[in-house]
Amino acid sequence: MPKLGESVTEGTIGRWLKQIGDPVELYEPIAEVITDKVNAEIPSEVAGTLTEIYVKENDTVPVGTLIALIREAGESSDRKDPPVTKSSEATAVSAVPDAAANVHSLDQDAEQRGRYSPAVLRLAQEKNVALDTLRGTGLGGRITRKDVLLAVEKGVQGSNAELAIRPSEHVAGAARNDSKSDANEMKPHASAQSTPAQPLRASSFLGTRDVSMPITPIRRTIATRMKQSKHEIPHAWMMVEADVTGMHQLRARHKAAFREREGIELTYFPFFLRAVAEALKAYPLVNSEWTDDAILVRGDIHLSIAVATSDALVVPVIHNADQLTVAGLAHAVSDLAARARSNRLTLDDVKGGTFTVNNTGAFGSIQSQPIINAPQAAILSVESIVQRPVIRDGDSIAIRSMVNLCMSLDHRVLDGFIAGQFMKSVKQRVEAYTVNSDF
1 MPKLGESVTE GTIGRWLKQI GDPVELYEPI AEVITDKVNA EIPSEVAGTL TEIYVKENDT
61 VPVGTLIALI REAGESSDRK DPPVTKSSEA TAVSAVPDAA ANVHSLDQDA EQRGRYSPAV
121 LRLAQEKNVA LDTLRGTGLG GRITRKDVLL AVEKGVQGSN AELAIRPSEH VAGAARNDSK
181 SDANEMKPHA SAQSTPAQPL RASSFLGTRD VSMPITPIRR TIATRMKQSK HEIPHAWMMV
241 EADVTGMHQL RARHKAAFRE REGIELTYFP FFLRAVAEAL KAYPLVNSEW TDDAILVRGD
301 IHLSIAVATS DALVVPVIHN ADQLTVAGLA HAVSDLAARA RSNRLTLDDV KGGTFTVNNT
361 GAFGSIQSQP IINAPQAAIL SVESIVQRPV IRDGDSIAIR SMVNLCMSLD HRVLDGFIAG
421 QFMKSVKQRV EAYTVNSDF
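Heads up: the sequence shown begins at 1 in full-length UniProt numbering, then just goes up one per residue.
Structural data, given as structure tokens:
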């Protein structure tokens, strides 16, 4: 188990990308590892054949534990016991199952069969397989990925109707579906559309028993940090409304050319990120954090952006965001989102954030009260852009593109005056765009 960060002490095997007997190339990924900091793929340090797997999927072991054996070409294939290191010695019982682990009572077997790993649940959802109809071949009768794949080959699928919900994977700043006309697009919509994966299937959850979902390391870390933030930080909240009709017209005018020139979609989100970065330069106290004996005002502007999946939340960081144009921010968002989806974020990608921008508008939200990403002093949510009648110039009514900007702040660091000035600055900047603006 590699050390994926200085403070990381353990890791969980999320998924084996290679199975026993598979050939492995040098630096080829062999497994996905989940830690409380980041998800990552483990590359092989040698070329050869994977001959042993010592840690099962979803098992958590300390850093340094032996997890697999790869034999190089020409090496003896005689099976040998794995070398015992100090780190693996203490976990030999849990990391390498012995014969006694196969002894279970009928009650224990039934309980195990009712517990599905996240990897199994995800696969069953994608393949529309009813898990309660399968007989597991794993330890204690647990259903494995191979059981699900075998059921797919045999044509055993759920009989329940497909559930028409898609909470699967939403990425801050991901591209909108631009196949609709601008007229249709100005119906209530997200400021930057999410990119859903396959829909969840009802058959994976509907049945005669409750489903026990193991708590993954990332989910446990999210729970710990959110609880800590709410308990330790005195949250205050404010919202401003902004007219972004000019931004909408500007994007509509340039989105096709931008896609052809840059190779990615031009979404609304980078415009908001640019406005936030500029406002942070004008009001640096917002770009700070509370410490035991001082308020630390950060010199660099590193924007954290939220990337949500069906079972986790990752917050990668755009470093030195104030030095990027709207196009540069669009590329940064696209790159981080793609690597977050494929578990290729590095520890550096999630470190050093000074202010968080959350694109809750991707879910259709029009108002939210985000929890502060400690130790940062504030977090801003960009809500859905909606078309509404607005009174202009005192006596006329016009249809305008409106958005709510919601901010939670650490009242130990910020008071209403500074926070209000910051929000006013963001509002003025996003409202300043016109159809002829440069970006």
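Cβ atoms here follow ideal geometry from the backbone N, Cα and C, with glycine treated the same way. For clarity, every value in this text was computed on a predicted model and none was experimentally measured.
Going by DSSP, name the residue or residues bridged to residue 365.
In the sequence shown, counting from the first residue as 1, residue 365 sits at position 365. In the DSSP output, where bridge partners are listed per residue, residue 365 has none listed.
Going by beta-carbon coordinates alone, are residue 306 and residue 315 separated by less than 8 angstroms?
Counting from 1 along the sequence shown, the entry for residue 306 is found at position 306. Counting from 1 along the sequence shown, the entry for residue 315 is found at position 315. Yes, they are a contact pair.
Which one of 58, 39 and 258 has the shortest CA to CA distance from residue 213?
Numbered from its first residue, the sequence shown carries residue 213 at position 213. The shortest C-alpha separation from residue 213 is found at 58.
Helix, strand or coil: how does DSSP classify residue 213 here?
Residue 213 sits at position 213 when you count from the first residue of the sequence shown. Reduced to three states, the DSSP call for residue 213 is coil.
Tell me, to the nearest whole angstrom, how far the beta carbon of residue 354 is from that of residue 411; I am working on the premise that it is less than 8 angstroms.
Here the question's residue 354 lines up with position 354 in the sequence shown. Here the question's residue 411 lines up with position 411 in the sequence shown. That pair is no contact at about 18 angstroms.
Below 8 angstroms on the Cβ atoms is my contact criterion, and I expect residue 35 with residue 11 to pass it. Report the Cβ-Cβ distance as a whole number of Å.
For the purposes of this step, residue 35 is taken as the residue at position 35 of the sequence shown. For the purposes of this step, residue 11 is taken as the residue at position 11 of the sequence shown. Right, the Cβ-Cβ distance comes to about 5 angstroms (below 8 angstroms), so this counts as a contact.
If I'm right that residue 66 touches residue 44 with Cβ under 8 angstroms, what's the distance once you round it to whole angstroms?
Here residue 66 refers to the residue found at position 66 when the sequence shown is read from its first residue. Here residue 44 refers to the residue found at position 44 when the sequence shown is read from its first residue. Not a contact, Cβ separation roughly 14 angstroms.
Taking only runs that begin and end inside the region 298-375, name each unbroken alpha helix (DSSP H) of 4 or more residues, in chain order.
The qualifying runs are 326-341.
With which residues is residue 11 paired in a DSSP beta bridge?
Locating residue 11 in the sequence shown gives position 11, where the first residue counts as 1. Beta-bridge pairing links residue 11 to 61.
CA-CA distance, residue 144 and residue 28?
Locating residue 144 in the sequence shown gives position 144, where the first residue counts as 1. Locating residue 28 in the sequence shown gives position 28, where the first residue counts as 1. So the two alpha carbons sit approximately 24 angstroms from each other.
Count the other CB atoms within 10 Å of the CB of residue 384; is the residue buried (16 or more) or exposed (fewer)?
Position 384 of the sequence shown, counted from the start, is the residue given in the question as residue 384. The residue is buried, with at least 16 neighbouring Cβ atoms inside 10 Å.
Do you know how far the Cα of residue 1 is from the Cα of residue 24?
If you number the sequence shown from 1, residue 24 lands on position 24. If you number the sequence shown from 1, residue 1 lands on position 1. Cα-Cα distance, rounded: 18 angstroms.
How many Å lie between residue 142 and residue 131 at the Cα?
By one-based count along the sequence shown, residue 142 stands at place 142. By one-based count along the sequence shown, residue 131 stands at place 131. Going from the Cα of residue 142 to the Cα of residue 131 covers about 10 angstroms.
On a CA-only basis, which of 15, 56, 21 and 52 is nearest residue 42? Give me that one, please.
Residue numbering aside, residue 42 sits at position 42 when the sequence shown is read from its first letter. It is 15.
Mind the definition here: the region 287-295 touches the region 320-339 only if three or more C-beta pairs lie below 8 angstroms; say whether that holds.
The region 287-295, when compared against the region 320-339, does not touch it at the 8 angstroms Cβ threshold.
DSSP puts residue 470 in a beta bridge; with which residues?
In this structure the chain extends from 1 to 439, so residue 470 is not present and cannot be described.
Assuming contact is defined by CB atoms lying nearer than 8 angstroms, are residue 404 and residue 239 in contact in what I supplied?
Mapped onto the sequence shown, residue 404 falls at position 404. Mapped onto the sequence shown, residue 239 falls at position 239. Yes, the Cβ-Cβ distance between residue 404 and residue 239 is below 8 angstroms.
Does the separation of the CB atoms of residue 421 and residue 283 fall below 8 angstroms?
Here residue 421 refers to the residue found at position 421 when the sequence shown is read from its first residue. Here residue 283 refers to the residue found at position 283 when the sequence shown is read from its first residue. Closer than 8 angstroms, so yes.
Less than 7 angstroms separating the Cβ of residue 56 from some heavy atom of the ligand COA?
Absence of the ligand COA is noted for the structure shown, with no ligands found whatsoever.
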